[in-house]
């Protein structure tokens, strides 16, 4: 019987493998199949070849073991059989040292092809190792390079797949917001050209974060309607400047500030000690010299504070308005192109020595600070008589000064209580023999016409202040030592915003009140310029609000409370 021997020694049955009869009609050789039937040799051979080429056959035939020995016909096919070549012994795989790094290339296999039956058992190569993925692969997102359109409207730079609202819809809504912000800010865009763009983008983000896909458009329309109802601001710190979130946040902060009524007990940790008062230039004791003996220096030679030139002190009507060339701002450490200055005016002088100031107008303590030893104090007398003390526990104070023939003197005094309500605001008339040289309108806000209405001299003003301020009153101010000096007032319970908000360079440097108000309160003050100047009432309220803000948002300073005022007589 002719059969086909498989590689594992089993006999393959090819008698029932269907092969087209037309392919073997012209061949006359016959052989026996596995059942003893005579079949043509070429058909049996074709069946064997079909079995060999079938990819799904689990027992594939190997051509080198094919045996057709039962063919008796001389025309039987003569199939050459080749002995398998001895496969080369695969070299031992290299032992790689384990490293923490991921291999850059797939290792080369020791045997490129499949192993043969004659191969050594240990020559079978290892399967290739899989490369470890070092990080998640992400498809790069195309981001526009431009940040604004040609009209100045910002572009929404968000991947479309991450937005719950279509990007084109959001861009259209953002364009509408930008146009309305530009109309609202038309008076301040010259100084703040990017303000409309920044606030429009932030407003759109606020609405988007609080809206769904279905409420987004209506929420934007509501925001635009709100913008139309706002007043046009005249400065960047106006109440109308900002997004809806900014306005709501400022309103809440303002509500908290207004609701906070400061008390003397609450401000104990903020009151400066005597050592701190001396460090910051406060006068804590009355000079021993005779006070008020020489109120004016008219006719004397002094050094000009502005240009450092020696000059003879003259009255305003006698002084030349262009004899002094100076810079009105703070001096810089370098001089540019030998420039002379940008302002012209009369020569003026400034005195800071306690003795000199005491000679011009005498210092005095606030009521109850230094009672005589041989008589009860005014404060004690009021308590004994059952009278309620009219002094406030907390006030904020600010003064405006002018240059005179007696140095720098107070021309306006403003006081507000712990709620920010104005309780005192008066112009101060100069003492007899003292004349104004320069009203310093850029900073004081006082003009000759306005000051002509002053009726009360400093002595009367001080008596009026005694009804509001006693030794127990906490006085709040910014660079308060200057105000107390010009008032000739000695007080020991002081809270100074210069100390609460120190300059990064440390003393004696100090931050401007205008900068602190803008940074912490979002308010713009002292915007009068060279013709209007400052307002002492506005500065007093700003100083009070800064202390309120500090109490609400920062811990109290780790400093001891002020020491008790000295009681020894001079």
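Numbering (the working numbering), first residue to last: 230 to 799.
Heads up, the beta-carbon is just placed ideally off N, CA and C, and yes, glycines get one too.
Here the structure is a predicted model, which is why all the values come from computation and not from measurement.
Reduced DSSP secondary structure (H/G/I, E/B, other) of residue i
i, result
"residue 643", "strand"
"residue 428", "helix"
"residue 668", "coil"
"residue 780", "helix"
"residue 256", "Confidence in residue 256 is poor, its pLDDT being 46 and thus under 50, which makes the residue's placement unreliable; the coordinate value appears in the next sentence. Of the three classes helix, strand and coil, the one that applies to residue 256 here is coil, per DSSP."
"residue 618", "coil"
"residue 507", "helix"
"residue 749", "helix"
"residue 771", "helix"
"residue 440", "coil"
"residue 699", "strand"
"residue 498", "helix"
"residue 722", "coil"
"residue 689", "helix"
"residue 765", "helix"
"residue 548", "coil"
"residue 655", "strand"
"residue 523", "coil"
"residue 743", "helix"
"residue 518", "coil"
"residue 392", "coil"
"residue 466", "coil"
"residue 673", "helix"
Opening and closing residue of the alpha helix (DSSP H) in which residue i lies
i, result
"residue 411", "396–413"
"residue 445", "445–457"
"residue 713", "709–716"
"residue 648", "Segment: none, residue 648 is in no alpha helix (DSSP H) and carries neither H nor E."
"residue 678", "677–680"
"residue 532", "From DSSP, residue 532 is part of no alpha helix (DSSP H) but of the beta strand (DSSP E) over 530–532."
"residue 584", "583–589"
"residue 626", "No alpha helix (DSSP H) holds residue 626; the beta strand (DSSP E) holding it covers 623–633."
"residue 387", "Segment: none, residue 387 is in no alpha helix (DSSP H) and carries neither H nor E."
"residue 727", "726–729"
Residue j beta carbon less than 8 Å from that of residue i
i, j, result
"residue 620", "residue 631", "no"
"residue 544", "residue 527", "yes"
"residue 459", "residue 469", "yes"
"residue 744", "residue 775", "no"
"residue 409", "residue 453", "yes"
"residue 718", "residue 582", "no"
"residue 673", "residue 769", "no"
"residue 421", "residue 461", "no"
"residue 685", "residue 485", "no"
"residue 430", "residue 403", "yes"
"residue 499", "residue 729", "yes"
"residue 739", "residue 696", "no"
"residue 752", "residue 771", "yes"
Integer Cβ distance of residue i from residue j, believed to fall under 8 Å
i, j, result
"residue 663", "residue 633", "5 Å"
"residue 207", "residue 406", "Here the chain has residues from 230 to 799 only, and residue 207 is not among them."
"residue 802", "residue 715", "In the structure displayed, the chain extends from 230 to 799; residue 802 sits before or after that span and is not available."
"residue 667", "residue 530", "The pair is not a contact, with the Cβ atoms about 18 Å apart (cut-off 8 Å)."
"residue 445", "residue 394", "5 Å"
"residue 723", "residue 511", "7 Å"
"residue 518", "residue 590", "Rounded, the Cβ-Cβ distance is 12 Å, inconsistent with contact."
"residue 742", "residue 778", "13 Å between Cβ atoms; not a contact."
"residue 536", "residue 554", "6 Å"
"residue 623", "residue 705", "7 Å"
"residue 381", "residue 426", "6 Å"
"residue 720", "residue 713", "6 Å"
"residue 495", "residue 736", "Actually they do not touch by this definition, with Cβ atoms about 26 Å apart."
Range covered by the beta strand (DSSP E) that runs through residue i
i, result
"residue 481", "Looking at the DSSP string, residue 481 is not in any beta strand (DSSP E); the run it does join, the alpha helix (DSSP H), is 473–488."
"residue 574", "572–574"
"residue 553", "553–555"
"residue 539", "539–541"
is_contact[residue i, chain D] using C-beta, thresh 8 Å
i, result
"residue 585", "Annotation note: the requested chain D is absent from the structure, which comprises a single protein chain."
Residue i: CB within 7 Å of a non-hydrogen atom of the ligand FAD
i, result
"residue 684", "In terms of ligand content, the structure shown is empty, and the ligand FAD therefore cannot be addressed."
Okay, do the region 391–402 and the region 435–442 touch, 3+ Cβ pairs below 8 Å being the bar? With the rule of 3 Cβ pairs closer than 8 Å, the region 391–402 counts as touching the region 435–442.
Check whether the region 763–770 touches the region 624–643, taking contact to mean three or more Cβ pairs, one atom from each stretch, closer than 8 Å. yes
Touch check for the region 479–495 and the region 645–658: three-plus C-beta pairs under 8 Å? Between the region 479–495 and the region 645–658 there are three or more inter-stretch CB-CB distances shorter than 8 Å, so the stretches are counted as touching.
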